[in-house]
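Undergrad:
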Amino acid sequence: MEALALITGRPLLGKKVETPLRVWIWNLEDPLDELQRRIQAICEHFDISAADISDRLYVDSGRIQGLCIAETSNRGKTTIMRPVVDALIAELQHRQIDLLIVDPFVSSHAVPENDNPSMDKVAKEWGKIADATNCAVHLIHHTRKLGSDSEVTAESSRGGKALTDAARVVRAINRMSPEEATNFGVSNHRSFFKVFDDKSNMAPPPDISDWYQQVNVILPNGDHVGVVERWFPPDSFAGVSVEHLRQVQNRVAKGDYRENVQASDWVGSLVADVLSIDATSPSGRHRLKRLIAKWIENGALKLERATDDKRRERTLDLPGKSG
108 MEALALITGR
118 PLLGKKVETP
128 LRVWIWNLED
138 PLDELQRRIQ
148 AICEHFDISA
158 ADISDRLYVD
168 SGRIQGLCIA
178 ETSNRGKTTI
188 MRPVVDALIA
198 ELQHRQIDLL
208 IVDPFVSSHA
218 VPENDNPSMD
228 KVAKEWGKIA
238 DATNCAVHLI
248 HHTRKLGSDS
258 EVTAESSRGG
268 KALTDAARVV
278 RAINRMSPEE
288 ATNFGVSNHR
298 SFFKVFDDKS
308 NMAPPPDISD
318 WYQQVNVILP
328 NGDHVGVVER
338 WFPPDSFAGV
348 SVEHLRQVQN
358 RVAKGDYREN
368 VQASDWVGSL
378 VADVLSIDAT
388 SPSGRHRLKR
398 LIAKWIENGA
408 LKLERATDDK
418 RRERTLDLPG
428 KSG
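Residue numbers for the sequence shown follow my numbering, so the first one is 108 and each next one is one higher.
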């Protein structure tokens, strides 16, 4: 999907592409006909023509042509397969490739994954290939086995840390959790996933994740293929006006309201009434909490600690600066 965006120069995933690039996809696991089906589905979904792709896409399958740039002998010595590397460099230069995608990384070598010195050697060889060809190299790497509720990060990568340490950018992919789906009001969380840069040596880390949705595309032959498209979580402030905020502030000024969502006099109930939000639904409560937190952050509401008639400390919501 990302490859087609770069090849066509179109922001298919919501990211600006400065100019069309030349991409080589080398999938070392899947058969060529499966890769072709995925590409066809993307083209059908986004109305991409052969002219849009031109001669900028190259696709290889490991079922037909493998790729192994290093191996470790029975005695534990790791050797770079120089003829393979030299041939790869020559082909990258000949095709003037801008991006090489290798999927999965584990199939591009025959080195023990937990052997950090050997993995460092392999990772740095990929860096040398990138330097020699002025080509970006995208290595798709698996994670180790994690619990169902564990968040994938750069530290979750399978094997030793040498690969992620050597990488310039590490992007982590996580499926939407049931809790996130509830908060967003999404029925099928398995169709959504998020991506974030967990390591970036050349840019500051982003403060948010990019979300994507997998949609079903039916090919002319009746095959169903999943295609990824950009997805944006609901905007908590959609439809919220300055007048709404003023109504909230005016009503807050006339009573005692709590920040605590468990309190019977939770300020969120007031906000829900003003904005016609269902405070009993999980997604509604999530939205209310985000609205209140943002208003407190920007000073539209303020907190004050006080003691009630039973001498219990309470945190009250008070009107802040005018919207």
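Idealized CB from N, CA, C, for every residue including glycine.
Just grab the DSSP bridge partners of W131 for me.
TA: W131 pairs with Y165, L207.
Undergrad: What separation, rounded to the nearest whole angstrom, lies between the Cα atoms of E420 and A288?
TA: Annotation note: pLDDT 45 at E420 (below 50); position unreliable, coordinate value reported separately. Between E420 and A288, the C-alpha separation is close to 35 Å.
Undergrad: What's the gap between the Cα of D162 and the Cα of K268?
TA: Cα to Cα, D162 sits roughly 37 Å from K268.
Undergrad: Measure the alpha-carbon distance for D167 versus R145 and round it to whole angstroms.
TA: One C-alpha to the other measures close to 13 Å.
Undergrad: Looking at C-beta atoms only, is the number of pairs between the segment 280–296 and the segment 384–394 that lie closer than 8 Å three or more?
TA: Taking 8 Å as the limit for Cβ pairs, the verdict is that the segment 384–394 does touch the segment 280–296.
Undergrad: Any idea what DSSP makes of I384, helix, strand or coil?
TA: It is coil, neither helix nor strand.
Undergrad: Are at least three pairs of beta-carbons, each pair with one atom in the segment 326–342 and one in the segment 351–366, less than 8 Å apart?
TA: No, they do not touch.
Undergrad: Ignore the nearest five residues each way along the sequence and tell me which others in E220's own chain have a CB closer than 8 Å to its CB.
TA: Within the same chain, E220 has close Cβ partners V213, M226, R265, G266, G267.
Undergrad: Among all the DSSP beta bridges, which residues are the ones paired with T299?
TA: The sequence shown places Phe at residue 299, rather than the Thr named in the question. Bridge partners of F299: Q320.
Undergrad: If I'm right that V334 touches A148 with Cβ under 8 Å, what's the distance once you round it to whole angstroms?
TA: Right, their Cβ atoms sit about 5 Å apart.
Undergrad: Should F299 and R278 be called a contact, given that it needs their Cβ atoms to be closer than 8 Å?
TA: Cβ distance not < 8 Å, so F299 and R278 don't count as in contact.
Undergrad: Comparing alpha-carbon positions, which option in P118, V124, E136, F153 lies nearest V324?
TA: Considering only alpha carbons, the answer is F153.
Undergrad: Which whole runs of the beta strand (DSSP E) in the segment 181–260 are 3 residues long or more, in chain order?
TA: Listed in chain order, the complete beta strand (DSSP E) runs (minimum 3 residues) inside the segment 181–260 are 185–187, 206–210, 243–246.
Undergrad: Does E350 get closer than 8 Å to chain B when you measure Cβ to Cβ?
TA: Chain labels in this structure do not include chain B; a single protein chain is all it has.
Undergrad: Between K252, N134, T271, which lies nearest to D210 when the distance is taken from Cα to Cα?
TA: Here the closest residue by C-alpha is N134.
Undergrad: Between T126 and the rest of its own chain, which residues show a CB-CB distance below 7 Å, the 5 nearest in sequence each way excluded?
TA: Result list for T126: G116, in chain order.
Undergrad: Say yes only if the C-beta of S161 is nearer than 7 Å to one or more non-hydrogen atoms of the ligand FAD, and no if none qualify.
TA: Absence of the ligand FAD from the depicted structure is noted, as is the absence of any ligand whatsoever, leaving it without description.
Undergrad: Measure the C-alpha to C-alpha separation of T271 and L119 and round it to an integer number of angstroms.
TA: Whole-angstrom Cα-Cα distance: 27 Å.
Undergrad: Could you check if L199 is buried or exposed, using at least 16 other CB atoms within 10 Å of its CB as the buried criterion?
TA: It counts as buried.
Undergrad: Give the DSSP-derived three-state secondary structure of A400 in the structure shown.
TA: Residue state, collapsed to three classes: helix.
Undergrad: Do N241 and V259 have their CB atoms nearer than 8 Å?
TA: No, the pair does not count as a contact, with Cβ atoms beyond the cut-off.
Undergrad: What number of angstroms, rounded off, separates the C-alpha of K301 from the C-alpha of S316?
TA: In a straight line, the C-alpha of K301 is about 6 Å away from that of S316.
Undergrad: Looking at L352 and G375, is the spacing between their C-beta atoms short of 8 Å?
TA: Going by C-beta atoms, G375 is not nearer than 8 Å to L352.
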